[in-house]
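*Asks:*
There are 2 protein chains.
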Amino acid sequence: MQEKLEEIESAIGYRFKNRKLLEQALTHPSYETTGSYERLEFLGDIVLDAIVGIILFKEYPSAEESFLTDLKSAYVNSRYLNNVGVTLKLERFIRHKSHEVPRLDNFVEGLIGAIFLDSGWKRAEDFVKKTILNKKIEPIKNYKNILSGLSKKHFGIDTHYELVSEKGPPHKRRYVFKARIPGIKYIGRGMGTTKKEAHMQAAKDLLQKLSKCKSFSILPD
Amino acid sequence: MQEKLEEIESAIGYRFKNRKLLEQALTHPSYETTGSYERLEFLGDIVLDAIVGIILFKEYPSAEESFLTDLKSAYVNSRYLNNVGVTLKLERFIRHKSHEVPRLDNFVEGLIGAIFLDSGWKRAEDFVKKTILNKKIEPIKNYKNILSGLSKKHFGIDTHYELVSEKGPPHKRRYVFKARIPGIKYIGRGMGTTKKEAHMQAAKDLLQKLSKCKSFSILPD
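Residue numbers (the numbering used here), protein chains in the order written: chain L, 98 to 318; chain S, 98 to 318.
Next comes the structure, spelled out in structure tokens:
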């Protein structure tokens, strides 16, 4: 383990004073409940959110709140953070007893929590800048919010989401949802590995269908 | 306005170097879009989350992540923050052009963002300790998560939520949802002013019904 810890330290560019924190950040609950990353992940999640949010707030002094929210989402969502974990090759260092390799986003958040506890805000911020904010990416549009606002404004009612199907084993679930606005004939459909993702895709689909309809030329792009 | 600003400063126990920030934090988007609290609220929301989360993490060194999450929710949810705004008598100081007095939680978050920008983390933390963390409160149990975990574990499928009804004008909406687990005869019902609240109540109701059933004696309290 000792050698591995040194290797991961050089991969993430940070040397721990207290290596127990690093070990904990790399331990999945399936391996060991008490010494797992769960508390560190709680901490890392909120610290990451604040670091990214504060940096974006300053970087875009005239951007609207919705742009900041969407851009923050793009950097802190689980899919993006999982990719950060892949880039850092965390798979080689983590300890778990699951049938499959667990998602890596929680380990990334655990590492942020561990660095924050070990050395404070500034070093956690350095890590976030170097590994997460190091790419320019597009904001993730929250199609559900856009559709919801539109639906309430024009029809006085919110969008409804209904589960169409749910398939596959627990770790590879596929959800299909439909989105509809009561009284409107168009229906949006979306698929995703989480309900949230399926809702979002269904909202996006419905927005696209509505935008092709002449009476909705007021719709945003 | 000048007098009012001094009054609010003494009410919140913080004197601004840059009073423009205070004015902005007290301005609803209905009054003025460009100079409203929206960006400050974005900042205050994440700073508040981090301040509360870090304090609770240290205060409860052996608590599980789920306890920390539930206790943080209890302090940062919109209902609680709205009450903080009522206690601070923010209603007397805010500027808006809505038909009704707007919710006060967003102003509270705006104030936190404004103090953070004006003086940094430490002073924002002082304000949060004095006005938000000054009461001992119970964690808010996330019944949706509890039910979802249980449903997946015992039945290999997630809970479904269906809208039963949606009534009332936009600013006083009442949602009723039902929660059910496919293949299980019990149904939970919940009402709320937001969908989230209605889901949560429906999950709570279904959990209570399941806990009365002998075959589910494994259920948590």
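We put the beta carbon where it would ideally sit given N, CA and C, even for glycine. The structure displayed is predicted, hence computed values, not measured ones.
Establish whether the CB of serine 314 of chain S and some CB of chain L are separated by less than 9 Å.
*Replies:* Working through the second sequence from its first residue, we reach residue 314 of chain S at position 217. Its pLDDT being 47, under 50, serine 314 of chain S is placed unreliably in this model, and the value from its coordinates should be taken loosely. Not closer than 9 Å to any Cβ of chain L, the Cβ of serine 314 of chain S fails to qualify, so no.
*Asks:* Taking all protein chains shown into account, decide if serine 133 of chain L is buried (16 or more other Cβ within 10 angstroms of its Cβ) or exposed.
*Replies:* Residue 133 of chain L sits at position 36 when you count from the first residue of the first sequence. By the neighbour-count rule (16 or more Cβ atoms within 10 Å), serine 133 of chain L is buried.
*Asks:* Taking only beta carbons into account, state which residues of the region 173-204 of chain L come closer than 9 Å to chain S, listed in chain order.
*Replies:* Answer set for the region 173-204 of chain L: empty.
*Asks:* For leucine 153 of chain L, which residues from the same chain have a beta carbon less than 7 Å from its beta carbon, with the 5 sequence-adjacent residues on both sides left out?
*Replies:* On the first sequence, residue 153 of chain L is found 56 positions in, with the first residue counted as 1. Leu165, Leu168 and Lys169.
*Asks:* So histidine 296 of chain S is in the alpha helix (DSSP H); what residue range does that whole segment cover?
*Replies:* Looking up residue 296 of chain S in the second sequence gives position 199. Its alpha helix (DSSP H) spans residues 292-308.
*Asks:* Output needed for valine 225 of chain L: all residues of its chain with C-beta closer than 7 Å, excluding positions within five of it in sequence on either side, in chain order.
*Replies:* Taking the first sequence and counting its residues from 1, the one referred to as residue 225 of chain L is at position 128. Contacts found: Leu145, Ile148, Val149 and Ile209.
*Asks:* Excluding the 5 residues preceding and the 5 following asparagine 179 of chain S in the sequence, name in chain order all residues of the same chain whose CB lies nearer than 7 Å to its CB.
*Replies:* Translated into positions along the second sequence, residue 179 of chain S becomes position 82. Answer for asparagine 179 of chain S: Arg200, Leu201 and Asp202, listed in chain order.
*Asks:* Rounded to a whole number of angstroms, what is the C-alpha to C-alpha distance between isoleucine 229 of chain L and phenylalanine 190 of chain L?
*Replies:* In the first sequence, residue 229 of chain L corresponds to position 132, counting from 1. In the first sequence, residue 190 of chain L corresponds to position 93, counting from 1. Rounded to whole angstroms, isoleucine 229 of chain L to phenylalanine 190 of chain L spans 19 Å at the Cα level.
*Asks:* Are glutamate 259 of chain L and arginine 277 of chain L touching if we call contact CB-CB under 9 Å?
*Replies:* Counting from 1 along the first sequence, the entry for residue 259 of chain L is found at position 162. Counting from 1 along the first sequence, the entry for residue 277 of chain L is found at position 180. In this structure, arginine 277 of chain L lies closer than 9 Å to glutamate 259 of chain L by Cβ.
*Asks:* Considering histidine 257 of chain S, what are the terminal residues of the beta strand (DSSP E) in which it resides?
*Replies:* Residue mapping note: residue 257 of chain S aligns to position 160 of the second sequence, counting from 1. Its beta strand (DSSP E) spans residues 257-264.
*Asks:* Mapping the DSSP letters down to three states, classify aspartate 318 of chain L as helix, strand or coil.
*Replies:* For the purposes of this step, residue 318 of chain L is taken as residue 221 along the first sequence, with counting starting at 1. Because aspartate 318 of chain L sits at a pLDDT of 44, beneath the cut-off of 50, its placement in the model cannot be relied upon, and the following sentence gives the value as read from the coordinates. DSSP places aspartate 318 of chain L in coil when its eight states are reduced to three.
*Asks:* With distances taken from CA atoms, which of S:Arg136, S:Ala108, S:Gly280 and S:Ala299 is nearest glutamine 121 of chain S?
*Replies:* Walking along the second sequence from the start, residue 121 of chain S turns up at place 24. Among S:Arg136, S:Ala108, S:Gly280 and S:Ala299, the Cα nearest to that of glutamine 121 of chain S is on S:Arg136.
*Asks:* Could you pull out every residue in the same chain whose Cβ sits closer than 8 Å to the Cβ of arginine 112 of chain L, ignoring the five residues on either side in sequence?
*Replies:* Counting from one through the first sequence, the residue named residue 112 of chain L turns up at place 15. Excluding positions up to five away in sequence, the list reads Glu106.
*Asks:* Only counting runs of 4 or more residues, tell me where the alpha helix (DSSP H) segments fall wholly within the region 135-184 of chain S, in order along the chain.
*Replies:* Within the region 135-184 of chain S, the complete alpha helix (DSSP H) runs of at least 4 residues are 135-156, 162-173 and 175-184.
*Asks:* Suppose you measure from the CA of tyrosine 240 of chain L to the CA of threonine 131 of chain S; what does that come to, to the nearest Å?
*Replies:* Position 143 of the first sequence, counted from the start, is the residue given in the question as residue 240 of chain L. Position 34 of the second sequence, counted from the start, is the residue given in the question as residue 131 of chain S. In a straight line, the C-alpha of tyrosine 240 of chain L is about 23 Å away from that of threonine 131 of chain S.
*Asks:* Quick one: is lysine 233 of chain L buried, meaning 16 or more other Cβ sit within 10 Å of its Cβ, or exposed?
*Replies:* What you label residue 233 of chain L is simply residue 136 of the first sequence in a count that begins at 1. The residue is exposed, with fewer than 16 neighbouring Cβ atoms inside 10 Å.
*Asks:* Using the Cα positions of alanine 108 of chain S and lysine 238 of chain S, report the straight-line distance between them to the nearest angstrom.
*Replies:* To locate residue 108 of chain S, count along the second sequence from 1; it is residue 11. To locate residue 238 of chain S, count along the second sequence from 1; it is residue 141. Near 32 Å, if we compare the C-alpha coordinates of lysine 238 of chain S and alanine 108 of chain S.
*Asks:* If you measure from the beta carbon of alanine 147 of chain S to each beta carbon in chain A, is any gap under 9 Å?
*Replies:* The structure shown has no chain A; the protein chains it does contain are L and S.
*Asks:* Our contact map puts isoleucine 254 of chain L next to glutamate 100 of chain S with C-beta atoms below 8 Å; I'd like the distance itself, whole angstroms only.
*Replies:* Within the first sequence, numbered from 1, the residue matching residue 254 of chain L stands at position 157. Within the second sequence, numbered from 1, the residue matching residue 100 of chain S stands at position 3. Isoleucine 254 of chain L to glutamate 100 of chain S, Cβ: 44 Å. No contact.
*Asks:* Is threonine 166 of chain S close to chain L, meaning its C-beta is less than 9 Å from at least one C-beta of that chain?
*Replies:* The count along the second sequence starts at 1 and reaches residue 166 of chain S at position 69. By this cut-off, threonine 166 of chain S is an interface position.
*Asks:* Who are the neighbours of phenylalanine 139 of chain S on chain L, taking C-beta pairs under 8 Å?
*Replies:* Along the second sequence, one-based indexing puts residue 139 of chain S at 42. What phenylalanine 139 of chain S touches in chain L: Gly150, Phe154, Glu162, Leu165 and Thr166.
*Asks:* Going by DSSP in three states, phenylalanine 113 of chain S sits in which element: helix, strand or coil?
*Replies:* Start at 1 with the first residue of the second sequence, and residue 113 of chain S comes out as number 16. Phenylalanine 113 of chain S: coil per DSSP, three-state reduction.
*Asks:* Between S:Ser248, S:Leu214 and S:Pro266, which lies nearest to proline 158 of chain L when the distance is taken from Cα to Cα?
*Replies:* Translated into positions along the first sequence, residue 158 of chain L becomes position 61. Checked all of S:Ser248, S:Leu214 and S:Pro266; the closest Cα to proline 158 of chain L is S:Leu214.
*Asks:* Just tell me which of L:Lys292, L:Lys227 and L:Arg116 has its CA closest to the CA of valine 261 of chain L.
*Replies:* Here residue 261 of chain L corresponds to residue number 164 of the first sequence, with the count starting at 1. Looking at the Cα atoms, L:Lys292 is the closest of the given residues.
*Asks:* If you run the structure through DSSP and keep just helix, strand and coil, what is threonine 131 of chain L?
*Replies:* Mapped onto the first sequence, residue 131 of chain L falls at position 34. Threonine 131 of chain L: coil per DSSP, three-state reduction.
*Asks:* Can you list, in chain order, the residues of the region 255-282 of chain S whose Cβ is nearer than 9 Å to any Cβ on chain L?
*Replies:* The residues in question are Asp255, His257, Tyr258, Glu259, Leu260, Glu263, Pro266, Pro267, Arg270, Tyr272 and Pro279.
*Asks:* If you drop the 5 nearest sequence neighbours on each side, which residues of the same chain put their C-beta closer than 7 Å to that of arginine 192 of chain S?
*Replies:* For this step, residue 192 of chain S is matched to residue 95 along the second sequence. Excluding residues within five positions, the ones whose Cβ falls inside 7 Å are Leu123, Thr124, His125 and Tyr128.
*Asks:* DSSP has phenylalanine 274 of chain S in a bridge; who is on the other side?
*Replies:* Taking the second sequence and counting its residues from 1, the one referred to as residue 274 of chain S is at position 177. BP columns for phenylalanine 274 of chain S point to S:Leu260 and S:Gly287.
*Asks:* Which chain L residues are close to isoleucine 143 of chain S, counting only those with a beta carbon under 7 Å from its beta carbon?
*Replies:* Within the second sequence, numbered from 1, the residue matching residue 143 of chain S stands at position 46. In chain order: Asp146, Ala147 and Gly150.
*Asks:* Classify arginine 200 of chain L as helix, strand or coil using the three-state DSSP reduction.
*Replies:* Numbered from 1 along the first sequence, position 103 holds the residue referred to as residue 200 of chain L. Coil, per DSSP.
*Asks:* What in chain S is Cβ-close to glutamate 135 of chain L, meaning under 9 Å?
*Replies:* Position 38 of the first sequence holds residue 135 of chain L. Neighbours of glutamate 135 of chain L on chain S, chain order: Glu161, Glu162 and Ser163.
*Asks:* Does the Cβ-Cβ distance between alanine 87 of chain S and glutamate 235 of chain S come in under 9 Å?
*Replies:* Look at the range of chain S in this structure, 98 to 318, and you will see that residue 87 of chain S is not part of it.
*Asks:* Looking at the unbroken alpha helix (DSSP H) that takes in tyrosine 222 of chain L, where does it start and where does it end?
*Replies:* Position 125 of the first sequence, counted from the first residue, corresponds to residue 222 of chain L. A quick correction: the sequence has glutamate, not tyrosine, at residue 222 of chain L. Run containing glutamate 222 of chain L: 218-228, per the alpha helix (DSSP H) assignment.
*Asks:* Lysine 94 of chain S CB to nearest chain L CB: under 9 Å?
*Replies:* Because chain S is modelled from 98 through 318, residue 94 of chain S falls outside the range shown and cannot be assessed.
*Asks:* Would you grab the beta carbon distance between histidine 265 of chain L and arginine 271 of chain L for me? Rounded to a whole angstrom, and I think it's under 8 Å.
*Replies:* On the first sequence, residue 265 of chain L is found 168 positions in, with the first residue counted as 1. On the first sequence, residue 271 of chain L is found 174 positions in, with the first residue counted as 1. For the record, residue 265 of chain L in the displayed sequence is glycine; it is not histidine. Yes, they are in contact, since the Cβ atoms of glycine 265 of chain L and arginine 271 of chain L sit about 5 Å apart, within 8 Å.
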